[in-house]
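Participant: Take a look at the following structure, please.
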Amino acid sequence: MRTAVVTASYAADFERCRMLCESMDRRLKGDWTHYILVAPFDVALFSALQGPRRRIVSERELLPSWLRAIPDPASRGRRKIWISPFGLPLRGWHVQQLRRFALSRIIDEPMMFSIDSDVVLLRDFDPASLWRDGRLALYRKPNGIKPQMRSNHLEWLAHSDRLLGIGPYSLPANDYINTLIGWRTDTCRALLDHIESRHGRGWIRTMIRSRQFSECLIYGRFVDEVLKGEGHYPSSEALCHVLWFEDSYARDATGLRHFLADMAPYQIGIGVQSFVGHDLGDIRALMLGEAA
3 MRTAVVTASY AADFERCRML CESMDRRLKG DWTHYILVAP FDVALFSALQ
53 GPRRRIVSER ELLPSWLRAI PDPASRGRRK IWISPFGLPL RGWHVQQLRR
103 FALSRIIDEP MMFSIDSDVV LLRDFDPASL WRDGRLALYR KPNGIKPQMR
153 SNHLEWLAHS DRLLGIGPYS LPANDYINTL IGWRTDTCRA LLDHIESRHG
203 RGWIRTMIRS RQFSECLIYG RFVDEVLKGE GHYPSSEALC HVLWFEDSYA
253 RDATGLRHFL ADMAPYQIGI GVQSFVGHDL GDIRALMLGE AA
């Protein structure tokens, strides 16, 4: 079973993405091709990572020309924002989600296995193992979104209500968000078709009417509430052990080792968010130590 491994990245995460690629080449088994999705101005930088199983894809191959990046005046040009005639300016993390959705319409691998740039694989894994009798695992944390959580999750739920024509959501709600998940390519295409059929316009125009959206919630709720689980089986096992908060562990090599010790047996990699502040050298040493 062929797999499209999908990473949306940008220049500031290049070294993290390089580590991800090295860990994938050591640990990822089976028949896979790695697609790294970047903005046009980052293609030259990321081309150093290209190889027989790795392709760099410019967003110009994926997204319409009316969605374009310009320097962000608020950052004195250090960052980019994406502008269009159809919504408020978008940040890079919004556009990365759009790239992943759009990729489903130009590839033929049956599965899209999404891995964020800041993930490092530490255990051998074949993505094809997520298939079971023709159905793909859908990561779902039952009742993972609670009323006391930050408002972003609630806005993401409300957006998916409007986008998919479901709901209204009730709390607690299922959570589908993780940094290492599998999607069926045909289901992703069906999701985009559903949005366009329901709203009478292109899926990107519809999705960016709000800046509060989550690709994982949209896909997960489409599977569960529109398709009624068709083609999938639920799994609450998050494959990636993620370090989200800077005060969770000491920000040194010892803290990373403690973080690693908390990996569940079924988890195959770690994700150390860039804003947490851990040294890349410590993460690389951890990766190389595990590889040995």
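Using our numbering, the final residue of the sequence shown is 294, and nothing's skipped along the way.
Where is the CB? At the ideal position from N, CA and C, for every residue including glycine.
1. Rounded to the nearest angstrom, how far is the Cβ of VAL8 from that of ARG102, given a contact under 8 Å?
2. Can you tell me whether SER106 is buried or exposed? The criterion is at least 16 other CB atoms within 10 Å of its CB, across all chains shown.
3. Closer than 8 Å by C-beta to MET21: which residues in its own chain qualify, once you throw out the five before and the five after it? Chain order, please.
4. Would you mind reading off the limits of the alpha helix (DSSP H) that contains ARG18?
5. Distance, Cα to Cα, TYR37 vs PHE48?
6. Is ALA293 buried or exposed, if buried means 16 or more other CB atoms sit within 10 Å of its CB?
7. Curious, which full-length alpha helix (DSSP H) runs of at least 4 residues does the stretch 91–137 contain?
8. Could you say which of ASP126, TRP68, PRO267 and TYR141 lies nearest to ASN180 if we only look at CA atoms?
9. When you compare only the Cα positions, how much space is there between LEU156 and VAL40?
10. Would you mind sorting PRO129 into buried or exposed? The rule is 16 or more other CB atoms within 10 Å of its CB.
11. For GLY222, which three-state DSSP category applies?
12. Does the stretch 257–270 come close enough to the stretch 148–167 that 3 or more CB-CB pairs lie under 8 Å?
13. Compute the distance between the beta-carbons of ILE206 and LEU65, then report whether it is under 8 Å.
14. In terms of alpha-carbon separation, which member of GLU24, GLY233, VAL244 and GLN269 lies closest to MET113?
15. Tell me the rounded alpha-carbon separation between HIS196 and THR5.
16. Determine the closest residue to ASP177 out of SER238, LYS31 and PRO170, with distance taken between C-alpha atoms.
17. What ranges does the alpha helix (DSSP H) occupy inside the stretch 156–224, keeping only unbroken runs of at least 4 residues that lie completely in it?
18. To the nearest angstrom, how far is the alpha carbon of ILE210 from that of ILE83?
19. Measure from the alpha carbon of SER25 to the alpha carbon of each residue in ASP126, ALA50 and CYS190, then state which is nearest.
20. Span of the alpha helix (DSSP H) holding VAL45?
21. Can you give me the C-alpha to C-alpha distance between PRO149 and LYS143, rounded to a whole angstrom?
22. With distances taken from CA atoms, which of ARG191, ARG137 and ASP226 is nearest TYR171?
23. Does LEU229 come out as helix, strand or coil in the three-state DSSP assignment?
24. Give the straight-line distance between the Cα atoms of GLY32 and ILE117, rounded to the nearest whole angstrom.
25. Less than 8 Å between the beta carbons of ALA62 and THR35, yes or no?
Facilitator: Taking the structure as given:
1. 6 Å
2. buried
3. VAL122, LEU282, ILE285, ARG286 and MET289
4. 16–29
5. 11 Å
6. Because the pLDDT of ALA293 is 46, which lies under 50, any placement of that residue in the model is unreliable, and the number read from its coordinates should be weighed accordingly. The residue is exposed, with fewer than 16 neighbouring Cβ atoms inside 10 Å.
7. 94–105
8. TYR141
9. 29 Å
10. buried
11. helix
12. no
13. yes
14. GLY233
15. 24 Å
16. SER238
17. 187–201, 205–209 and 217–223
18. 13 Å
19. ASP126
20. 45–48
21. 15 Å
22. ASP226
23. coil
24. 16 Å
25. For clarity, residue 62 is Arg in the given sequence; the question names Ala instead. No.
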